[in-house]
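Numbering (full-length UniProt numbering), first residue to last: 2 to 340.
Data block below; observations after.
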Amino acid sequence: KSYNVAVVGATGAVGEDMIKTLEDFNFPVKKLLPLASERSIGKSVTFKGGEIPVEILNEKSFEDIDIALFSAGGSVSAKFAPIAAQSGAVVIDNTSYFRMDKDVPLVVPEVNPDDIALYKNKGIIANPNCSTIQMVVALKPIYDRYGIKRVVVSTYQATSGAGRRAMEELIDETKAFFEFKYDSYKPNIFPKKIAFNCLPHIDVFLENDYTKEEIKMVNETKKIFHDDTIKVTATCVRVPVLRGHSESVNVETKKPFDISEVKEAIKNAAGCVLMDDPKSLIYPTPIEISGRGETFVGRIRRDESVENGLNLWVVADNLLKGAAYNAVQIAQILIEKYL
Ligand code: A2P
2 KSYNVAVVGA
12 TGAVGEDMIK
22 TLEDFNFPVK
32 KLLPLASERS
42 IGKSVTFKGG
52 EIPVEILNEK
62 SFEDIDIALF
72 SAGGSVSAKF
82 APIAAQSGAV
92 VIDNTSYFRM
102 DKDVPLVVPE
112 VNPDDIALYK
122 NKGIIANPNC
132 STIQMVVALK
142 PIYDRYGIKR
152 VVVSTYQATS
162 GAGRRAMEEL
172 IDETKAFFEF
182 KYDSYKPNIF
192 PKKIAFNCLP
202 HIDVFLENDY
212 TKEEIKMVNE
222 TKKIFHDDTI
232 KVTATCVRVP
242 VLRGHSESVN
252 VETKKPFDIS
262 EVKEAIKNAA
272 GCVLMDDPKS
282 LIYPTPIEIS
292 GRGETFVGRI
302 RRDESVENGL
312 NLWVVADNLL
322 KGAAYNAVQI
332 AQILIEKYL
């Protein structure tokens, strides 16, 4: 059996990788429908060696669509995801709009694949926040063996998380630096200069002085593990990297652990790659793991400052595991088990 698949936001950084990931998975696509705004009139996407013209998203776009992958921003999902579901498509939504809706499953296939069954509620499955996805993939083997009391995470997030124009801004600003025009460069996408800088500011600030990105990590982790007792606190930082999010993750487990057993558990965990041999310079960096769908873990060591403390360095490709790859993994399970 094969399926008609729409990609909403097909010209964006994530949309482009969704199409590429469908190809890489050899996903059974009968028809691919790339959708974007009127800004993309005349553009096309490449799929399996052919060119497919981009169509403008409208209320009738989903009439013969089986699966719709959305990554065109929260307001587009808010309006069009229910329309797509109403037309009979199953929506896999990469935006934050439906993630905390109790009738919408929030899925990381390595952690809570069975939640996909809840797509029947609204016809919508939410893809979690990019930083949350890679953290929970790394935490899953630790959670299963030792339980988790508390997590303190600091992120080092790539510009591509803010879209294609954000990546371009980093490049343009870097060029401006070498042309001695850095001081007068006015950023458009980021709130301050991102080249040669870091910004502790992703998404908007909330009443409690956390950013929305930080609170997403707190709430989504609990929802994915079905465990409100996990304490999470986050500081999310944008760094001048194009692709690949890194995280320093400090964990307090419930039960005592043996560090070599932790490494073995991470090595054997679904979707995890252990890269931990610092003396041979083996630890993951964004550049090295770019283009891969797994989550890479290194610098594993005991935190001696608390009982049962553990430090991890977790890196993944934010456009792939953090977005497109996770979405297509969900789609794959959906067709294998449910459609
Ligand atoms: P377009 O290129 O036509 O603006 P990114 O996250 O890289 O910025 O990409 C966002 C994606 O979402 C793009 O494909 C963009 O299309 C699409 N998009 C943004 N706003 C809309 C909209 N109102 N209707 C349809 N697609 C949209």
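Note that the Cβ used here is the ideal one computed from N, Cα and C, for glycine as well.
Comparing the CB of residue i with every heavy atom of the ligand A2P, is any distance shorter than 7 angstroms?
i: R151; result: no
i: V77; result: yes
i: A90; result: no
i: G164; result: yes
i: V15; result: yes
i: S62; result: no
i: A270; result: no
i: G74; result: yes
i: R239; result: no
i: L58; result: yes
i: T222; result: no
i: T160; result: no
i: S38; result: yes
i: G310; result: no
i: S41; result: yes
i: A11; result: yes
Counting only the same chain and skipping the five closest in sequence on each side, list residues whose C-beta sits under 7 angstroms from that of residue i.
i: L119; result: P106
i: V263; result: I143, I301 and L311
i: I134; result: V109, K322, G323 and N327
i: F63; result: A7, A69, I84, A85, S88 and A90
i: K123; result: A86, D104 and V105
i: P287; result: A159, V242, R244, G245, S247 and V316
i: F26; result: V329 and Q333
i: D228; result: none
On the three-state DSSP scale, how would you describe residue i?
i: T12; result: coil
i: C273; result: strand
i: E24; result: helix
i: T286; result: coil
i: R302; result: strand
i: F105; result: At residue 105 the sequence reads Val, which differs from the Phe that was named. DSSP places V105 in coil when its eight states are reduced to three.
i: T222; result: helix
i: T230; result: coil
i: G51; result: strand
i: P279; result: helix
i: R293; result: coil
i: T96; result: coil
i: K176; result: helix
i: K150; result: strand
Output needed for residue i: all residues of its chain with C-beta closer than 6 angstroms, excluding positions within five of it in sequence on either side, in chain order.
i: R302; result: N312
i: I260; result: R303
i: K150; result: E253 and K255
i: G162; result: C131 and N319
i: F99; result: V105, I125 and A127
In chain order, what residues of the same chain have a beta carbon less than 8 angstroms from the beta carbon of residue i, not counting five sequence neighbours either side?
i: K21; result: A325
i: P192; result: L200 and H202
i: M136; result: V152, V154, M218, T222, E248, V250 and V315
i: E39; result: I57
i: E24; result: F48 and K49
Any idea if residue i is buried or exposed, counting beta-carbon neighbours within 10 angstroms, 16 or more meaning buried?
i: N59; result: exposed
i: S3; result: exposed
i: D210; result: exposed
i: V55; result: buried
i: G13; result: buried
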